[in-house]
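Everything on this sheet refers to the single structure shown next.
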Amino acid sequence: MAQEQEPKTHNAVVKVEKTPLFSLRDKLIYAFGFIAFILGGPAVMAYLAAWSPVSFLSDQPSTFYLGGFTSAVGLFFALWANYELVIKGRGGAGNFGNIKLMKETKHLVTSGPYSICRNPMHLGVFLYYMGFACALNSLVSLIVPVAVICGAYIMAIFLDEPRLERDFPEEYAAYKANVPRFMPKIFKSRR
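By full-length UniProt numbering, the letter at position 160 of the sequence shown is numbered 160, and the numbering carries on one by one without gaps.
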């Protein structure tokens with residue numbers, strides 16, 4: 001009588017190399033950008049306010065609190081947008097055309113703050129600086145948020161959008177048709 005043979009199994013150990021999401025270089029660029037964003041802009045604004053103390057709002061405590069609240073909302077929005085890029089997009093936002101400071105996103109991010117505007121990080125930075133200008137109540141410090149939003153608009157049109165159209169042609173076209181560039185779409189229209 002023939003003996004039944006058990007199938008042979010191979011117990012092989014497969015090593016999967018897990019590459020980190022960000023290299024040390026990427027982390028340093030993020031740290032530098034974060035410090036420049038959190039401290040650099042407000043430092044320039046405080047210097048400008050001390051240089052020219054002309055106010056643009058009423059000199060009430062509510063002006064300071066409104067500015068602080070606006071800055072907090074902007075900071076939250078910018079950090080949330082960065083988080084979505086890193087976790088869902090698997091990349092970062094540290095690229096300026098052909099200058100690649102970190103790896104680009106591998107996926108188009110349309111969730112979180114990106115569901116209400118296409119450039120929530122730029123919007124968050126603008127709100128952060130605008131709130132700081134309100135808290136300082138300095139007319140000349142408005143130069144920083146105005147420069148930021150103008151620069152962000154130019155970057156979005158000439159750098160960010162062409163890259164997204166190249167890397168995610170169909171997906172980005174649909175996204176672009178439904179989500180505004182900067183002004184958040186908070187309420188969905190009923191068509």
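We put the beta carbon where it would ideally sit given N, CA and C, even for glycine. Here the structure is a predicted model, which means the values were calculated and not measured.
For Val-179, the three-state secondary structure derived from DSSP is coil. According to the DSSP assignment, Leu-85 belongs to the alpha helix (DSSP H) that extends over 61-87.
For Tyr-114, there is no enclosing alpha helix (DSSP H), as DSSP marks it with neither H nor E. Secondary structure of His-107 (DSSP, three-state): coil. DSSP places Gly-151 in the uninterrupted alpha helix (DSSP H) bounded by 143-155. By the beta-carbon neighbour count (other beta carbons within 10 angstroms, threshold 16), Pro-42 is buried. Relative to the Cα of Phe-77, the nearest Cα in the group Arg-118, Glu-161, Leu-123 belongs to Leu-123. In this structure Ala-133 touches Leu-142 by the C-beta definition: roughly 5 Å separates them, less than 8 Å. For the pair of segments examined, the region 59-68 was found to touch the region 135-155: the number of CB pairs separated by less than 8 Å reaches three. In the structure shown, Pro-169 falls within a helical segment according to DSSP collapsed to helix, strand and coil. Taking Ile-149 as the centre and dropping the five residues before and after it, the same chain places the C-beta of Phe-126 closer than 6 Å to its C-beta, in chain order.
For the pair of segments examined, the region 114-121 was found to touch the region 174-184: the number of CB pairs separated by less than 8 Å reaches three. Inclusion of Thr-105 and Arg-90 in the CB contact set at 8 Å is warranted, their separation being smaller than that value. Using a Cβ distance threshold of 8 Å, Leu-108 and Leu-164 count as a contacting pair. Taking the CA atoms as reference points, Thr-70 sits about 19 Å from Gly-112. For Asp-26, the enclosing alpha helix (DSSP H) covers residues 24-35. Here Phe-56 has Leu-139 as same chain residues with Cβ atoms under 6 Å from its own Cβ, once five neighbours each way along the sequence are excluded.
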